[in-house]
Every structure is written in structure tokens, then in C-alpha cells.
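Undergrad: If you're matching positions, the sequence shown starts at 336 in the numbering used here and goes up one per residue.
First, the structure itself, so that you have it in front of you.
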Amino acid sequence: MQRYFFSLRIALLVIVAGVAVSAIDLATRGFVVVYDPRALIAGAVLEDGLGARRRPLHAFARGYWATRPAFDGMVRLLCRSGREVLRGDVRPGEQTSYTVTAEDCRKGG
């Protein structure tokens, strides 16, 4: 009984330490989150100003796309309508979020 209780305390301590380290890492390295409540985009990509470097945002929950910025750039929204638009300045170490609107992905523009 004593060993079992000790194991649970160690497991809990490891979990708490992991959450703390993750939170510190996100706060220092930053992140980019795009929220798409209407499912207007098929994807999103972080690009530098020259288009030489690209980093895809990954879907991690319904309507949410995210990545960690490794360079200064902007988010290119890849709309289901075929339109592509640049939104939101992104820098490493900053927390950036953007919500997709119907205007972002309107057809013909």
C-alpha cells in the first residue's frame, strides 16, 4: 500500500512539472492560432515576406489551426472558395491569434 501511494505522488508531480514546462515554453517561444468558426478555410500557412520560408498551421481541433512561429511573417489563409489572403503579423516569441471572417474568404475578391 505504501509503495502504491508513493507512485501516485510521483506520477502527479511529473504531470504537474510537464504542464508547467509546456506553459513556460509556449509563453517564451510563442504561438499562432487561427480560429475559423464557419469552416471557411481549407488550411493556413505561415510565410515570410519573400515567400521563401513557409510553415503550415496544423488543425488541432474543429475550427482551430496553429503552429509555432520560427520566423517573422504573415498567415496566408487558404480559403475553400479558392481565394488566398494574408492576415496577421507574426513574430517568434509572441502569441498571435486571428479569427477568420466571411469577408476574408468572399468569392471574386
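Virtual Cβ for every residue (Gly too), placed ideally from N, Cα, C.
Distance check for I359 and G378, CA to CA, integer angstroms please.
TA: 28 angstroms
Undergrad: Do M409 and G423 have their CB atoms nearer than 8 angstroms?
TA: Yes, the Cβ-Cβ distance between M409 and G423 is below 8 angstroms.
Undergrad: Per DSSP, what kind of secondary structure is A355 in: helix, strand or coil?
TA: helix
Undergrad: Below 7 angstroms CB to CB, which residues in the same chain sit around A401 once its five sequence neighbours on both sides are set aside?
TA: F366, V367, V368, L392, H393 and F395
Undergrad: Beta strand (DSSP E) containing A396: first to last residue?
TA: H393 to A396
Undergrad: Please find out if some non-hydrogen atom of the ligand ATP comes closer than 7 angstroms to the beta-carbon of V425.
TA: You won't find the ligand ATP in this model; it holds no ligand whatsoever.
Undergrad: Would L381 and V420 qualify as a contact pair, given that the criterion is a beta-carbon distance under 8 angstroms?
TA: Contact flag unset, no.
Undergrad: For the beta strand (DSSP E) containing E438, name the first residue and the last one.
TA: Premise fails: E438 is in no beta strand (DSSP E) and is neither H nor E.
Undergrad: So, with DSSP's three-state summary, where would you put A346?
TA: helix
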